[in-house]
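These protein sequences, in sequence, are chains A and B.
Heads up, the first sequence is in our numbering, so the first residue is 1162 and it goes up one at a time.
Heads up, the second sequence is in our numbering, so the first residue is -10 and it goes up one at a time.
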Amino acid sequence: MNTGIPLQYFLILATVMFFAGVYGFLTRRNLITILMSVELILNSVNINFLAFNRYLYPHKLEGMFFSLFVIAVAASEAAVAIAIIINIYRRFTTINVEDVNEMKF
Amino acid sequence: MTANQIMFILFASMIIVFSVLTVTSHKILRAAVYLLFVLVSTSGLYFMLNYQFLAAIQLTLYAGGIVVLIIFSILLTSHISQKFESLGWKKNIFSAIASIAGAILSIVTILDYKFSATAEAAKEVDMRLIGKSLLSVEYDGYILPFEVISVLLLAAMIGAIVVAKKAGPAKTKSPTYNQ
């Protein structure tokens, strides 16, 4: 099982994915694309959990259950975020974060 | 090169290319489809790591549920042909420098660290074990997070319905909107 692939390769892959998500989070100005960047970040963390679980502690299941709960939290977060985005669009007719600034006051 | 390595290289290159495309594409619907590719290749990685249950969850919940939800909301809130205006090269360059520096720092740390695996025998992850662990109150049981996550999912569902439903006629005009 897993012959020939070091653990570090999985971690480097997750790192690249994580920082792609961070780049998108910093540069995007559309709420939905920001949400997509957050999904990328959560997903890369899941890869880390599973790789650690499989390579370092294969007799336990902590990493698997943790990523299961991360997936559940990501799903509920996406549902609530999209409800809020649709509500914002209804009120401001845009989902650009720089045009939606009236909640501050 | 074994078949395992070839599959890993395939999935890894797909994940890297499409996750970079997700955050740089100028068309929003294309970005969502690239995100779908990333999530499907990630579930391939989970299959390689022998977590079949989690790979199936990833396929159905992420690739099937969340991406469809995102695509629906894209269709509701923006025009398909709409392109993003560029943010200005300064912000792009600084964000790229920040993320590349962070990535290099993390990769150097990962390559430097000596990981040591336990010598214990691997446990076979089958559905019976997953179900028993989720509902067990023993030492390695997960009944409390399981119940908490079920309450969270219920709360998120109700919250999403309440937030997204049309406000009644008395509530349509908020004081901030009138100013």
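Each residue gets a CB set at the ideal place from its N, CA and C atoms; glycine is no exception.
Since residue 1245/A meets chain B, which of its residues come closer than 9 Å, beta carbon to beta carbon?
-> To locate residue 1245/A, count along the first sequence from 1; it is residue 84. Within 9 Å Cβ-Cβ: 149, 152, 153.
Applying a beta-carbon distance threshold of less than 7 Å, which residues of chain B neighbour residue 1202/A?
-> Translated into the one-based positions of the first sequence, residue 1202/A becomes position 41. Those within 7 Å of residue 1202/A in chain B number zero; the least Cβ separation is about 10 Å.
Could you tell me whether the region 137 to 145 of chain B touches the region 1223 to 1240 of chain A, using the rule of 3 or more Cβ pairs below 8 Å?
-> yes
Contiguous alpha helix (DSSP H) assignments of at least 4 residues, all confined to the region 46 to 96 of chain B | 56 to 66
Note down the Cα distance separating residue 1199/A from residue 118/B, rounded to an integer number of angstroms.
-> Numbered from its first residue, the first sequence carries residue 1199/A at position 38. Numbered from its first residue, the second sequence carries residue 118/B at position 129. Cα-Cα distance, rounded: 31 Å.
Any idea which residues DSSP pairs residue 1257/A with across the strands?
-> Position 96 of the first sequence holds residue 1257/A. The partner list for residue 1257/A (beta bridge, DSSP) reads 1191/A.
Compute the Euclidean distance between the alpha carbons of residue 245/B and residue 1192/A, then round it to the nearest angstrom.
-> What is shown of chain B runs -10 to 168, which leaves residue 245/B out entirely.
Could you tell me which of 1215/A, 1190/A, 1185/A sits nearest to residue 1201/A, measuring between CA atoms?
-> Position 40 of the first sequence, counted from the start, is the residue given in the question as residue 1201/A. Considering only alpha carbons, the answer is 1185/A.
Cα-Cα separation, residue 95/B to residue 47/B | On the second sequence, residue 95/B is found 106 positions in, with the first residue counted as 1. On the second sequence, residue 47/B is found 58 positions in, with the first residue counted as 1. Roughly 26 Å separates the two Cα atoms.
Compare the C-beta of residue 109/B against all C-beta atoms of chain A and say whether one is closer than 8 Å.
-> Your numbering for residue 109/B matches position 120 in the second sequence. Judged by the 8 Å Cβ criterion, residue 109/B is in contact with chain A.
Best match in 1169/A, 1173/A, 1197/A, 1183/A for proximity to residue 86/B [C-alpha to C-alpha] = As a position in the second sequence, residue 86/B is number 97, starting the count at 1. Selected option, being the one with the closest Cα: 1183/A.
State whether the region 1217 to 1226 of chain A contacts the region -7 to 5 of chain B, with contact taken as three or more CB pairs (one from each stretch) at a distance under 8 Å.
-> no
On a CA-only basis, which of 1172/A, 1177/A, 1260/A is nearest residue 90/B? Give me that one, please.
-> As a working note, residue 90/B is residue 101 in the second sequence. With distances taken between Cα atoms, residue 90/B lies closest to 1177/A.
What is the rounded straight-line gap between the Cα of residue 113/B and the Cα of residue 41/B?
-> Within the second sequence, the letter at position 124 stands for residue 113/B. Within the second sequence, the letter at position 52 stands for residue 41/B. Distance between the alpha carbons of residue 113/B and residue 41/B: 11 Å.
DSSP state of residue 1221/A, grouped into three classes?
-> Residue numbering aside, residue 1221/A sits at position 60 when the first sequence is read from its first letter. DSSP, reduced to helix, strand and coil, places residue 1221/A outside both helices and strands of the structure shown, so it counts as coil.
Within 10 angstroms of the Cβ of residue 139/B, are there 16 or more other Cβ atoms? Answer buried if so, exposed if not.
-> Translated into the one-based positions of the second sequence, residue 139/B becomes position 150. Classification for residue 139/B: exposed.
Near-chain B residues of the region 1187 to 1199 of chain A (beta-carbon distance less than 8 Å), N- to C-terminal order | 1187, 1188, 1189, 1190, 1191, 1193, 1194, 1196, 1197, 1198
Which same chain residues, not among the five before or five after residue 1210/A, have their C-beta less than 7 Å away from its C-beta?
-> Here residue 1210/A corresponds to residue number 49 of the first sequence, with the count starting at 1. Same-chain partners within the cutoff: 1224, 1227, 1228.
Would you kindly work out how many angstroms separate the C-alpha atoms of residue 1208/A and residue 107/B, rounded to a whole number?
-> By 1-based counting over the first sequence, the position of residue 1208/A is 47. By 1-based counting over the second sequence, the position of residue 107/B is 118. Between residue 1208/A and residue 107/B, the C-alpha separation is close to 20 Å.
With 16 other Cβ atoms within 10 Å as the buried cut-off, status of residue 161/B = Locating residue 161/B in the second sequence gives position 172, where the first residue counts as 1. Legend: pLDDT at residue 161/B = 49, less than 50; position of this residue unreliable, value from coordinates given subsequently. Burial call: exposed.
Rounded C-alpha distance that separates residue 1300/A from residue 1233/A | What the structure shows of chain A is the stretch from 1162 to 1266, and residue 1300/A is not part of that stretch, so it cannot be assessed.
In whole angstroms, what is the alpha-carbon distance linking residue 151/B and residue 1252/A?
-> Reading the second sequence from its first residue, position 162 is the one you call residue 151/B. Reading the first sequence from its first residue, position 91 is the one you call residue 1252/A. Residue 151/B and residue 1252/A: Cα-Cα distance of roughly 15 Å.
Would you mind reading off the limits of the alpha helix (DSSP H) that contains residue 134/B?
-> Within the second sequence, numbered from 1, the residue matching residue 134/B stands at position 145. Looking at the DSSP string, the run of the alpha helix (DSSP H) that includes residue 134/B is 132 to 153.
Cα-Cα separation, residue 1219/A to residue 43/B | As a first step, residue 1219/A must be located in the first sequence, where it is residue number 58. As a first step, residue 43/B must be located in the second sequence, where it is residue number 54. If you draw a straight line from the Cα of residue 1219/A to the Cα of residue 43/B, it comes to about 15 Å.
Mapping DSSP to helix, strand and coil, what is residue 121/B?
-> Locating residue 121/B in the second sequence gives position 132, counting from the first residue. Helix at residue 121/B.
Per-residue burial, residue 83/B [other beta carbons within 10 Å of its own, 16 or more giving buried] | For the purposes of this step, residue 83/B is taken as the residue at position 94 of the second sequence. Exposed: under 16 other Cβ atoms inside 10 Å.
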